[in-house]
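The next block holds one structure in the form of structure tokens; read it before the comments.
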Amino acid sequence: MASDQSGVTRAITNLSTRLFYGKRVTAVVPADPAISDDEGSDEEDDDVADPDFIPLTHKKVDLDNQALHVYQHVPPDFIETPYAYFSKYFSPRVIKHIAYQTNLYATQKDVNTTFTTTEDEVRNFVAILLYMGISELPSIEDYWAMETRVPQVANIMSSKRFRLMRRLVHFNDNTQIPGTIDRFFKVRPLFNHLVTVFRSEPQTPKQSVDEVMVAYKGKTAGNLRQYIKSKPDKWGFKLFARASEDGFIHDLVLYQGKTTLQAHSVPMTSEQQAMGVTSQIVSVLASTMSSSTTTAIFADNFFTSLEIVRYLKDKNCRYTGTARDTRIGKPPLKSIKDMEKKAVPRGVHDYVTSDDGILALRWKDNRVISLLSTDMGVEPISSVYRYCSDTKRKEPVSCPAVIKSYNANMGGIDKSDMLVHLYRTPMKSKRWYMRMFAYAIDVSLTNAWIMYRRDIKALAVDDGLSLKNFRIQVFRSCSSQRPVMSRPRRSSTFPCAPSTSVDVPMPIRGHRSHTPDASLRFDTSLFHAPVYTNRQTCKYCSRKGNIFRSNVVCRVCKVHLCLNAERNCFIKYHEAVA
Numbered sequence: 001m002a003s004d005q006s007g008v009t010r011a012i013t014n015l016s017t018r019l020f021y022g023k024r025v026t027a028v029v030p031a032d033p034a035i036s037d038d039e040g041s042d043e044e045d046d047d048v049a050d051p052d053f054i055p056l057t058h059k060k061v062d063l064d065n066q067a068l069h070v071y072q073h074v075p076p077d078f079i080e081t082p083y084a085y086f087s088k089y090f091s092p093r094v095i096k097h098i099a100y101q102t103n104l105y106a107t108q109k110d111v112n113t114t115f116t117t118t119e120d121e122v123r124n125f126v127a128i129l130l131y132m133g134i135s136e137l138p139s140i141e142d143y144w145a146m147e148t149r150v151p152q153v154a155n156i157m158s159s160k161r162f163r164l165m166r167r168l169v170h171f172n173d174n175t176q177i178p179g180t181i182d183r184f185f186k187v188r189p190l191f192n193h194l195v196t197v198f199r200s201e202p203q204t205p206k207q208s209v210d211e212v213m214v215a216y217k218g219k220t221a222g223n224l225r226q227y228i229k230s231k232p233d234k235w236g237f238k239l240f241a242r243a244s245e246d247g248f249i250h251d252l253v254l255y256q257g258k259t260t261l262q263a264h265s266v267p268m269t270s271e272q273q274a275m276g277v278t279s280q281i282v283s284v285l286a287s288t289m290s291s292s293t294t295t296a297i298f299a300d301n302f303f304t305s306l307e308i309v310r311y312l313k314d315k316n317c318r319y320t321g322t323a324r325d326t327r328i329g330k331p332p333l334k335s336i337k338d339m340e341k342k343a344v345p346r347g348v349h350d351y352v353t354s355d356d357g358i359l360a361l362r363w364k365d366n367r368v369i370s371l372l373s374t375d376m377g378v379e380p381i382s383s384v385y386r387y388c389s390d391t392k393r394k395e396p397v398s399c400p401a402v403i404k405s406y407n408a409n410m411g412g413i414d415k416s417d418m419l420v421h422l423y424r425t426p427m428k429s430k431r432w433y434m435r436m437f438a439y440a441i442d443v444s445l446t447n448a449w450i451m452y453r454r455d456i457k458a459l460a461v462d463d464g465l466s467l468k469n470f471r472i473q474v475f476r477s478c479s480s481q482r483p484v485m486s487r488p489r490r491s492s493t494f495p496c497a498p499s500t501s502v503d504v505p506m507p508i509r510g511h512r513s514h515t516p517d518a519s520l521r522f523d524t525s526l527f528h529a530p531v532y533t534n535r536q537t538c539k540y541c542s543r544k545g546n547i548f549r550s551n552v553v554c555r556v557c558k559v560h561l562c563l564n565a566e567r568n569c570f571i572k573y574h575e576a577v578a
């Protein structure tokens, strides 16, 4: 009997860990976009289980890795202007590209068009969008309407020109669409430029990977529009992102189904191509990091599997993530069913560590959480406070160190989303890619503000701009190129400048304008004085197809009349016809 046991021991010792961690043979692409929901049930997951997690030695050995270095931002020589930070990402090169593609698109649409735009006008167009994110009104026309006019917007560009620019602005050559597999072809050059400069910025040692939803409820995008019930914006375009712990977005992958990574600018190795879909996403985002050997990645249960943990560990990159039960193999842990029993108090945990250094943990909080990690261990155990329905107060609950580390470092993407949503650029359009353009502006400005805050902190400067004031400063610098003065849209109920107001009847579309009685018009005993007021059509000289407008109104007749160096309709209107 003893000899049999020793033979079994030798057989187990000679086994390779690769027998237990074999590569996944197949990968199932989720058919339902709601599978990306972190709170989804196990039925939503694929049927392909991960290889068994069988720790061959040291079942209860904790991880004891050396702590990652603390990020120290290199202080700059001086704090640059907000526009300098913004233009580092949304650069003059991008402005020039948009101006060229917009002119090209206008010509392709109508070869006889007289439309042309310049880089200065595109810059002013972007500036208007920036300010609209701060001062959002129900409709675009309200920024130029007399009652709700916003001079910061209306003084830069006329309403008609802004609507024309919004209709024609373009980012890629439509003649190159045939044969492409890229469903984000319309905005691909814009995002390729942004992620290139985002990747070049210094990253913190702790990176998070998560989904980003760019809100869009229109129907023109087809099934590019996804649904994730746990996100604030449940409908929209799904992006996979990697961010530092302070919210700086370093990389983005635009999700478009099976061809997502084929259209992405980063090529995959044969090893990556053999992996599952979510593992491919994480590996591609990790491949653009500046230094994987000094980095830990944090992700939720949509991305976590033994496959990606093992792949990153081979690259000397640490990983921590919550995991679905079907993706962690079969580690010898307490079952979820047993831990969910009421007799088991919150704070109970169980863990094992494989011989290749992968920690599998199961911890009971409000629900049972499974987690894989190659970064932090279970010790030291600390406490978190949870509300107890029995005692009607918060009670301490034991919490492993790896759980606290995950909660502290997983929020980079969520912080970026929060900052983007504070002053989001309004962009309602039938052209679905305009919403992506608005997000490109917002994420560029948010990243610029985060980098500005890093510099402020490194130089120990107390007074820094808030995100709103930073956005306003960018707007002012962006819109300083010879603003075009536009006239307020027609209205007569809101006095503009005059100290002496005249109750002028409001013009109604389709109705004949107000005409004073002849006895009133030619009565010289009355004081027909000109009064400066809102701009409207001249009653005397305007004809169909040849309209003249004036700010001068007769205080008696209550009609607008020209009174300038070129035309004096005020005198002519009141002269009696012989």
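Going by the numbering used here, the first residue of the sequence shown is number 1, and it counts up by one from there. Using N, Cα and C, we set each Cβ at its ideal position, and we do this for glycine too.
Classify residue i as buried or exposed, calling it buried when 16 or more other Cβ atoms lie within 10 Å of its own Cβ.
i: HIS560; result: buried
i: GLN256; result: buried
i: GLY545; result: exposed
i: ARG93; result: exposed
i: ASP375; result: buried
i: ARG367; result: exposed
i: PRO138; result: exposed
i: ALA127; result: buried
i: ALA565; result: exposed
i: ASP251; result: buried
i: HIS69; result: exposed
i: GLN262; result: exposed
i: PRO331; result: buried
i: GLY617; result: In the structure displayed, the chain extends from 1 to 578; residue 617 sits before or after that span and is not available.
i: PHE191; result: buried
i: TYR324; result: The identity of residue 324 in the sequence shown is Arg, whereas the question assumes Tyr. ARG324 is buried by the Cβ-count criterion.
i: THR500; result: Interpretation of THR500 is limited by its pLDDT of 48, a score under 50 that renders its predicted location unreliable; the figure taken from the coordinates is listed afterwards. That one is exposed.
i: LEU285; result: buried
With distance defined between alpha-carbon atoms, name the residue in the options nearest to residue i.
i: PHE125; options: ALA401, ILE441, PHE522; result: ILE441
i: ILE308; options: VAL277, PRO332, SER290, ILE336; result: VAL277
i: SER542; options: ARG521, ASN568, PHE522; result: ASN568
i: THR295; options: GLY347, GLU379, PRO202; result: PRO202
i: LEU459; options: ASP62, HIS73, ALA243; result: HIS73
i: ILE381; options: TYR351, ASN409, ARG454; result: TYR351
i: ASN534; options: THR524, LEU526, CYS554, ALA518; result: CYS554
i: PHE470; options: VAL461, LYS457, TYR452, PRO232; result: TYR452
i: GLN66; options: HIS170, GLY377, HIS511; result: GLY377
i: ARG435; options: HIS170, ASN192, GLN273, VAL111; result: HIS170
i: THR326; options: LYS341, LEU306, GLN473, LYS313; result: LEU306
i: VAL420; options: MET213, SER292, PRO151; result: MET213
i: LEU254; options: SER208, LEU224, LEU563, ILE228; result: LEU224
i: MET289; options: LYS315, SER135, SER270, ALA215; result: LYS315
i: VAL195; options: VAL209, LEU563, ARG242; result: ARG242
i: PRO76; options: VAL461, GLN152, ILE403, VAL153; result: VAL461
i: VAL197; options: TYR89, PHE548, TRP235, LEU563; result: TYR89
i: ASP390; options: SER373, GLY236, LYS342; result: LYS342
Give a yes or no on whether the minimum CB-CB distance between residue i and chain B is below 9 Å.
i: THR118; result: Among the chains in the structure shown there is no chain B, since it carries only a single protein chain.
Between the alpha carbons of residue i and residue j, how many angstroms are there, rounded?
i: THR259; j: GLY464; result: 43 Å
i: THR180; j: PHE302; result: 29 Å
i: ARG123; j: SER479; result: 7 Å
i: GLY40; j: THR117; result: At GLY40 the pLDDT is 42, less than 50, meaning the model places this residue with poor confidence; the figure from the coordinates comes in the next sentence. Looking at the two C-alpha atoms, the distance is approximately 48 Å.
i: LYS60; j: LEU239; result: 38 Å
i: TYR433; j: ASP417; result: 19 Å
i: SER405; j: ASP62; result: 15 Å
i: GLN101; j: ASP173; result: 7 Å
i: LYS457; j: TYR439; result: 27 Å
i: LYS430; j: VAL187; result: 15 Å
i: SER270; j: ARG310; result: 16 Å
i: TYR385; j: MET339; result: 19 Å
Among all the DSSP beta bridges, which residues are the ones paired with residue i?
i: THR117; result: Per DSSP, none; premise fails for THR117.
i: PHE298; result: SER208, THR320
i: GLU395; result: ARG386
i: ASN568; result: LEU563
i: ARG549; result: THR537
i: ALA243; result: SER208, ILE249
i: TYR532; result: VAL552
May I ask you to check if the CB of residue i is nearer than 8 Å to at least one heavy atom of the ligand ZN?
i: THR391; result: Among the components of this structure there are no ligands whatsoever, and the ligand ZN is therefore not found.
### Given 8 Å, three or more beta-carbon pairs between the stretch 398-415 and the stretch 235-250
yes
### Message
Check whether the stretch 310-327 and the stretch 281-298 touch, using three or more Cβ-Cβ pairs below 8 Å as the test.
### Response
yes
### Task
Flag this pair as touching only if the stretch 69-88 and the stretch 445-461 have three or more C-beta atom pairs under 8 Å; answer yes or no.
yes
#### Entry: Validate contact between the stretch 387-398 and the stretch 340-358 using beta carbons, cut 8 Å, 3 pairs
yes
### Task
May I ask you to verify whether the stretch 172-191 touches the stretch 141-155, counting CB pairs closer than 8 Å and requiring at least 3?
no
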